[in-house]
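Okay, so here's the structure we're looking at.
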Amino acid sequence: MSMILAPYNDAMRIGQGFNSYTHEMCIDGAVLVDGDHDEKTQARTVERPSQVVSYSARAVEKLSDVIQTMNISYPHSIKKGSVTVSGSNTAIDEATFKSADINIIVTVKVTNQTTLIKSNARFVPLKDVEPGSQEFHDSYGDSYISGFIQGGEFTGIISIKVLDRSNVDLTVKKIKARLDAKDNSATSTGLNLNSNDLFSSTGSASVMGKTESHIHVSWMGGGQIKNENTPWDIDSIFKTAAAFPQRVSERPQRTWAILTKYKSNRSFMDWASIKQIKTLEYDLIGTYTAELFDSYMDYKILLKYVQLIIDNPESYEAVDGKDAFDTSIETLLGVRLYMRQQQAMIVEAISLLGRDPGILERQDGWATTRLTTSLSRFMSQAKGCDISLGVVKARHEAAEKKSSTTPDFNFNALIPADLWKKWLPVPKSDSAPSTEKPSKGSEEHPFSGVGPPPSDDLNWGKSSQTRDSGSSKSGDNVAVLQGRVDALVSDLQRKTDEHAGLIDKLKSDHVAQLESLRETHKGELESKSAEQATKLQGALDKLKANDTDLADLRKKHDEETEIMNHKLSAYVNLEAEGKSEIDKTIERLTKDKNEAINALEKKKQDEYDDLKTKYDALEEQKRTEMLRVEKEKKDELDALRQDKDATYKNLDVLYRSLKDSSDKLTKENAALTSDKNKLTSDKDNLTRNNNILTAQNGSLTTQLDQKNTAYNILSGERTNLKALYEPTNDAMVAKFTKLTTEYANLTTKYVSLTTEWNNLNGINDKLKTKMRWAELTEDSLQHNCLPNGYNGWYVMILMPHSWMALNANKDSQKMAHAWEFDMTSNDEQFRLDKADDKPNTAWTITSVRSGRLLTCDDNRTGTDIRVRDKNDPAIRGLSAHWYIGRGAEKQFTWVFKNAQWNTCIKLQQGWNSDGRGAWQQPYCNDGDANWVIIPLGRKPEPKP
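Okay, structure coming up:
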């Protein structure tokens, strides 16, 4: 069974619910693998030995074939109103596609790596959602995202129109034959495209010589796949397709999400068997949805064609048949109304099928109220019931008498768009549509040159001045002038058409008169000639012998012949005068027309020149004023930056000096304390030794008094002891005296150091005063040292290296990114708030426009910074709080550190014109993580 795929976008997550019919993402974490909820834990990577490449080049007839090839959702394209191929922001031109004689789609799909969810994924039901209810299906969809495909995809759509309309079928057959030959070659020998193949300049000169082509190219992965100086043509499409897999191997990216039906998940089926619910099944309505899509696109083209007829009904005429639509404005408006109703019904049918795909089994068929006679007949035949005005009124009155319950949607009320084409007016054979002329030799198509479709907006018919109240005054004047000029041109064209009609009528009348006169003269001449011939023949017979009579008769005949020649000459002159008068009238009318056009163009050019001069003057004045304001702002910012840098530099120097002095004093104090402790210890030892000696001396004296008998012995011993101890005692006394002197000196030095310490305390107090002026404290942290005075201030956050500002309006104010610096944009203005003045208290950053907070949903790096309401349950802990401290550029830049995840806001690489991502990255001091805060002042808080 083939995999179910959906085009990848950055919001997709493994295990997320998904609707495979509408391609709408549903609840996150519909299925989970036990453990951490990050992708590395939830999924496994399937490594492949080499690339898997799928190549296709085939002819397609319907836009639904393109949708099917690209795995794009039919309902999504219907609701969007256009077909956008993955890898491109431009939609496919359905009018060009439909008017082409053959459409070729070239696709190359490359798979490098596949990431799949682990096999033990578990379905996670919501407690407060009723199983099987509409809320359940809206929350979970019919499947979940079970993996991603990384690789690339290339798509080229070639729409070819044959210019030689007499040779269309043969040319198309030759193109298809070459295309079939290419498919057979690719199947038998592998993918091997080259410039001499199929549609190359040498191989297709005879086939493609009298054709014109429209090319639409898109791709994902592979980076820059073609030289920017090489234009896209049929040759380059096939060359690029051949080289695309190699490009993808160097620069792959995620291209598709892999979908798995819930009924394939064991845990879901166990849960569903208990709850007795069924999942949504869309398999049986795929073909019907494709028909709805093709019909919707056909209606879109038909609406453009009907609008052309409404704009210029005189250039169109009704086709033969009693059911044909006339060119009256009432009929055309009714046709347009019913076509738009059919489009709305198709959108409603798609929404209903998305909620209840089984309804198609209960209803079946295509079928279709401003009614004219012809439109009423057509609608009655199409729906198989009477749709006359009386019947419609009766049905409406009967419906009002019924209950107010809403009936089920009637699929039989849908009418295929093809039924309308047969009865629409066609261009007149003697007048061309008011569009560009077709190419030489091409057949005029009723939908060629169709302009943009009318908008579904209620104000689509109003002028740009009404819709855009913010246009400049000069722009309004230009629009008004352009309207007047268009009206004059239209009036002139109408008068020119009237003159052309008069000229044609004059030509017709004169030609009729000349033809009548020519026939009359011809008849008279023939009659006279026959009569004269008869008379002459009779006279000749009678007067053969009489030469005199014969000569008279010949003379009379010559006179009559001269009279007839004179009449003929008068007729020729009359005819010439008539033609000359017609030519003069044509020349005079042409001259009047050219003079009127030249005068109008000169007046229009003069008014345009005046307006352009005024506009240029206003632009120059605006530019000068903007330059002056920019210069003043820059000078003020430079002065403020210099003052701030100088102040911070002085504070930094004083702080470093104070810190060095404090460290030095601390070391010296420790040394003095150590010396003092050592001296005190020595003094205590000396005192203890002296006390011991005194005690011993007293003991010996007592022994001497008590033991006189041993005096001699003891006297000798005493002498020895005295000789032993007295010199030692004197040396210790001398050492004690020396230590006392050193102690006195150290005391003096300690007093001096204490005095210096007090002086340094005075300097420290001054530094503390300056730090308080800078709203810093001794407890201030470098990673959160933004002055508390910024509390409540409105600021702009600028990246100095690229001159881009943080902007909170990505994806409809759901995410933040970096955009071109604009002082007037409230998307780039934020309010800083801090709950208290404590050093560890983090800041909140609020968007001025939306009142939402900058936050990080989790600790995953490489993701966009989110913008959420303060009560949003997705905000966890301090994820909406930021530490703002000095970065690598310590003089003036700041780094924003998330208080919950310890990550920072870092600008990503990219093009400035398209904006650049502001992503969550690990906390660092890189250049792209250092921002400048520009204070704008205090403003009242935005009203909720």
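Under the numbering used here, read the sequence shown as residues 173 to 1116, first letter to last.
Every residue gets a Cβ at the ideal spot worked out from N, C-alpha and C, and that includes glycine.
Distance from the CA atom of residue 830 to the CA atom of residue 936, rounded to whole angstroms, is 7 Å.
Distance from the Cα of residue 237 is smallest, within the candidate group 461, 727, 435, for 461.
Nearest Cα to residue 941 within the set 1015, 837, 823, 324: 823. Closest by C-alpha distance to residue 1004, out of 475, 1014, 241, 297, is 1014.
When C-alpha distances from residue 524 are compared across 938, 906, 1033, 194, the shortest belongs to 194. Under the 10 Å beta carbon count, residue 187 is surrounded by 16 or more other beta carbons and is classified as buried. Residue 972 is positioned such that its CB atom lies closer than 8 Å to that of residue 1104. Residue burial annotation: residue 278 is buried, with at least 16 other C-beta atoms found within 10 angstroms of its C-beta. For residue 971, the enclosing beta strand (DSSP E) begins and ends at 965 to 971. For residue 488, DSSP records a beta bridge to 599. For residue 241, the enclosing alpha helix (DSSP H) stretches over residues 235 to 242. Within the model, the alpha-carbon separation for residue 286 versus residue 424 is close to 12 Å. DSSP, reduced to helix, strand and coil, places residue 301 outside both helices and strands of the structure shown, so it counts as coil. The DSSP assignment places 406 to 422 as complete runs of the alpha helix (DSSP H) inside the stretch 399 to 428, in order along the chain (cut-off: 4 residues). Counting along the chain, no beta strand (DSSP E) covers residue 502; the unbroken alpha helix (DSSP H) around it starts and ends at 501 to 527.
In the DSSP assignment, the residues bridged to residue 285 are 322. Remark: three or more beta-carbon pairs, one from each stretch, lie closer than 8 Å, so the stretch 1037 to 1057 and the stretch 984 to 996 are flagged as touching.
Closest in alpha carbon position to residue 1053, among 1059, 848, 385, 1075, is 1075.
Just measuring C-alpha positions, the residue of 765, 908, 845, 814 sitting nearest residue 856 is 908. Between the stretch 437 to 444 and the stretch 460 to 480, the count of C-beta pairs closer than 8 Å stays below three; the two stretches do not touch. Secondary structure of residue 437 (DSSP, three-state): coil. Of all alpha-carbon atoms in 773, 402, 410, 915, the one lying nearest the alpha-carbon of residue 328 is that of 410.
Within the same chain, 1088, 1089 come within 8 Å of residue 1082 by CB-CB distance, once the 5 residues on both sides are set aside. Partner residues in the beta bridge of residue 1089, as assigned by DSSP, are 989. In this structure, the CA atom of residue 774 is about 10 Å from the CA atom of residue 780.
DSSP places residue 1006 in no alpha helix (DSSP H) but in the uninterrupted beta strand (DSSP E) bounded by 1002 to 1006. A residue is called buried once 16 or more other Cβ atoms fall within 10 Å of its Cβ, and residue 456, having fewer, is exposed.
Taking 8 Å as the cut-off, the Cβ atoms of residue 503 and residue 489 do not count as close. With a cutoff of 8 Å on beta-carbon distance, residue 324 and residue 393 are scored as near each other.
Membership of residue 226 in any alpha helix (DSSP H) is not indicated; the residue belongs instead to the beta strand (DSSP E) covering 224 to 232. Here residue 303 has 447, 449 as same chain residues with Cβ atoms under 6 Å from its own Cβ, once five neighbours each way along the sequence are excluded.
For residue 189, the enclosing beta strand (DSSP E) covers residues 189 to 191.
Just so you know, the alpha carbons of residue 974 and residue 1107 end up roughly 19 Å apart. Under the DSSP definition of a beta bridge, residue 1036 partners with 1091. In the three-state reduction of the DSSP assignment, residue 885 falls in the helix class, which pools H, G and I. About 7 Å separates the beta carbon of residue 314 from that of residue 454, a gap short enough to meet the 8 Å contact definition.
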